[in-house]
Ligand code: SF4
Ligand code: SF4
């Protein structure tokens with residue numbers, strides 16, 4: 004297992020991972036192919052119905068682990084298996100080592116068990132004199148190289164055939180060609196002999212069914228069948244989180260598992276084992292079959308109201324396949340045994356916060372994992388919660404505490420921005436960008452040009468503008484500015500006010516509003532996130548508005564969907580939070596669905612435009628059609644590849660991990676530039692900052708604007 008690391012060491016590892024062109028290309032191909040195959044396979048079934056099925060089954064199981072375990076143990080025992088409950092990894096290892104010793108086991112073949120890796124089972128068996136051979140091809144390669152998996156389903160996908168050929172050459176002491184079919188034959192020859200001679204076989208399990216005492220294993224190689232059938236002794240090791248009550252529930256999980264993980268309708272092999280099967284070597288002609296059900300913190304996690312949903316995971320690997328950060332750096336940099344989004348979380352619970360602290364920061368909060376999760380797990384919310392816990396348990400980093408203190412005090416924050424406007428002058432030289440940032444502040448930020456603070460914040464313009472809105476209008480809008488638009492891009496808010504007043508709205512801009520709180524929430528600063536949320540609830544008297552409109556997708560998603568969770572410990576605010584969140588709406592939805600902006604309102608321009616769909620709009624707010632409909636009416640819209648993939652901004656993420664943010668941006672800009680459009684539109688000032696800054700660095704091919712600016716310009 005990897006030791007805990009300092010942030011600086013972790014940063015260096017990330018740079019090494021980014022420089023590995025084989026891993027980058029492999030992960031990129033997988034990410035692109037996965038999106039297509041997943042979309043195809045789910046286009047003909049009701050995905051949500053199956054995800055909900057998993058959610059309901061797993062949540063029920065969590066509330067009844069004791070009862071379901073008893074049922075499972077009873078039914079499996081009836082069918083000849085011996086079932087053990089191991090409260091800890093140490094207990095599980097002791098049980099399995101004793102089974103090996105009691106049965107004079109010398110050779111163990113083993114496959115498909117991340118759970119055994121979680122508890123470091125192999126060294127425990129080696130300590131009692133067993134030779135242990137991993138039987139899955141990828142796992143065997145990793146065993147030979149003494150490495151941990153890079154993916155839940157494809158453990159060795161980070162290795163090239165050349166690396167595998169070198170490893171096999173060492174093992175066989177014979178130069179092996181880097182030819183995949185030939186390498187498979189080498190593995191087959193060596194492993195077959197081990198399978199035939201193994202005394203004990205060990206596998207993990209994808210499901211265990213309480214009502215029948217059945218263990219289910221899904222694989223794409225036949226090796227699990229050799230491991231489960233040939234040896235005279237067999238052990239299944241499985242976390243209690245894999246238990247479901249009925250066969251129907253297990254079949255539902257199996258139905259989604261391969262579809263979500265690899266885009267296949269089913270894994271090549273699905274093995275169901277109900278009790279001890281026939282085994283001619285043993286005197287009673289039955290296998291010696293033990294099932295070890297592992298707790299190792301799972302029951303405690305099932306009682307944790309904010310994180311328990313992580314136990315719904317069926318280990319499909321989709322949250323890694325879809326993650327823009329995983330796509331850049333791979334699994335070795337995103338978890339210990341379990342990797343990808345769920346790996347960040349399980350590392351905290353199974354391997355300790357010391358190992359989780361840094362990797363937990365390596366999430367940009369794009370929500371892509373949540374959108375595809377087969378267990379309906381809100382992974383980013385759990386990751387954010389764990390960041391807060393780590394800060395509370397071990398203390399916050401200095402920059403995070405400073406940001407928390409500043410954002411908690413609106414007047415201080417806004418004063419600092421006003422001072423910054425003057426302080427930046429020698430660095431902007433009158434341009435809209437900070438051109439000469441001293442090296443000490445640059446820290447890898449040169450992948451994009453950073454914007455200057457505006458000469459006049461929107462709040463200072465508002466005194467004059469408010470007279471232009473009609474206070475007697477039928478639709479009353481409370482405008483939530485957000486820091487970036489108020490102080491960096493006020494022209495976006497000016498454009499929105501023009502659109503709203505043209506369509507007869509009364510607009511108000513409450514001056515006591517502040518940052519939405521997402522940056523501090525992302526940094527795990529729970530108290531500051533609560534303070535800022537409470538300030539905004541007070542600033543907006545929600546009862547006086549029909550809508551609270553924001554042009555920032557991140558603010559919209561945070562205000563609408565996170566305030567209830569953020570303020571859950573303040574029951575006296577519940578009805579105020581409900582009233583506020585119900586009224587929050589993003590610009591494009593408001594323009595399209597409420598103002599009903601149509602072709603009659605707009606002059607269609609010949610300008611060719613492309614679109615970046617902000618993560619917090621398309622997934623956070625589930626808004627996809629509205630901006631594209633507006634674009635189609637206002638200009639000549641050209642769709643880009645991967646429009647809904649993150650641009651790499653992520654607020655403080657791009658400051659903390661600039662090398663990764665820069666690479667994510669590079670990919671995004673390549674896709675957008677390929678459309679040949681002259682203007683890029685988006686719905687979030689953070690994305691404007693990232694994309695405009697990136698374009699500036701690349702030589703300004705695309706003009707980058709907010710949707711409100713296009714709509715305001717094209718109004719008749
Ligand atoms: S968390 Fe969800 S997406 Fe990730 S492996 Fe588990 S079930 Fe699959
Ligand atoms: S929210 Fe995005 S960056 Fe974070 S783990 Fe999920 S997919 Fe990866």
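Residue numbers (this note's numbering): 4 to 719.
By construction, the Cβ of each residue, glycine as well, lies at the ideal position given by its N, Cα and C atoms.
Being a predicted model, the structure only gives us computed values, none of them experimental.
- Straight-line measurement puts the Cα of residue 291 at about 19 Å from the Cα of residue 197.
- With a cutoff of 8 Å on beta-carbon distance, residue 704 and residue 676 are scored as near each other.
- Here DSSP, grouped into helix, strand and coil, assigns residue 437 to strand.
- By the criterion of a C-beta distance shorter than 7 Å, residue 63 is surrounded in its chain by 248, once the five residues flanking it on both sides are discounted.
- By the beta-carbon neighbour count (other beta carbons within 10 angstroms, threshold 16), residue 324 is buried.
- Pairing residue 429 with residue 423, the inter-Cα distance amounts to about 11 Å.
- Taking 8 Å as the cut-off, the Cβ atoms of residue 336 and residue 366 do not count as close.
- When beta bridges are read from the DSSP output, residue 454 appears opposite 436.
- The alpha-carbon of residue 495 is positioned some 7 Å away from that of residue 488.
- Taking the Cβ atoms as the reference, residue 210 lies roughly 6 Å from residue 256, within the contact range of under 8 Å.
- Look at residue 505: its beta carbon is at least 7 Å from all of the heavy atoms in ligand 1.
- Of the candidates 113, 43, 99, the residue whose Cα lies closest to the Cα of residue 267 is 43.
- In the three-state reduction of the DSSP assignment, residue 483 falls in the strand class.
- The closest heavy atom of ligand 1 lies 7 Å or more from the beta carbon of residue 663.
- Counting every other CB atom within 10 Å of its CB across the protein chains shown gives residue 35 a total below 16, marking it as exposed.
- Boundaries of the beta strand (DSSP E) harbouring residue 709: 706–709, taken from the DSSP string.
- Counting the other CB atoms within 10 Å of its CB gives residue 401 a total below 16, which places it among the exposed residues.
- Excluding residues up to 5 positions away in sequence, 121, 299, 300 lie with their Cβ nearer than 7 Å to the Cβ of residue 353 in the same chain.
- Between residue 434 and the set 78, 133, 696, the nearest pair of CA atoms involves 696.
- The region 408–415 and the region 627–634 do not touch, with fewer than 3 CB-CB distances between them shorter than 8 Å.
- For residue 325, the Cβ falls inside the 7 Å cut-off from some heavy atom of ligand 2.
- Between residue 661 and residue 27, the alpha-carbon positions lie close to 17 Å from each other.
- Cβ neighbours of residue 674 within its own chain (closer than 7 Å, five residues either side excluded): 643, 644, 645.
- Sorting 571, 71, 41, 362 by C-alpha distance to the C-alpha of residue 11 places 362 at the top.
- Exposure of residue 31 is indicated by the presence of fewer than 16 other C-beta atoms within 10 angstroms of its C-beta.
- Between residue 238 and the set 260, 651, 279, the nearest pair of CA atoms involves 279.
- The residue from 393, 89, 349, 326 with its alpha-carbon nearest to that of residue 243 is 89.
- Taking 7 Å as the cut-off, one finds no heavy atom of ligand 1 near enough to the beta carbon of residue 554.
- Counting only the Cα atoms, residue 223 lies some 6 Å from residue 272.
- For residue 318, the shortest separation between its Cβ and any heavy atom of ligand 1 lies below 7 Å.
- Here the C-alpha atom of residue 711 lies approximately 28 Å from the C-alpha atom of residue 373.
- Each residue's CA atom was taken as its position, placing residue 605 and residue 153 some 51 Å apart.
- A residue is called buried once 16 or more other Cβ atoms fall within 10 Å of its Cβ, and residue 572, having fewer, is exposed.
- Looking only at 119, 155, 104, the smallest Cα-Cα distance to residue 132 is reached by 104.
- As DSSP reads the structure, residue 237 sits in a beta bridge with 204, 292.
- Residue 125 is positioned such that its CB atom lies no closer than 8 Å to that of residue 203.
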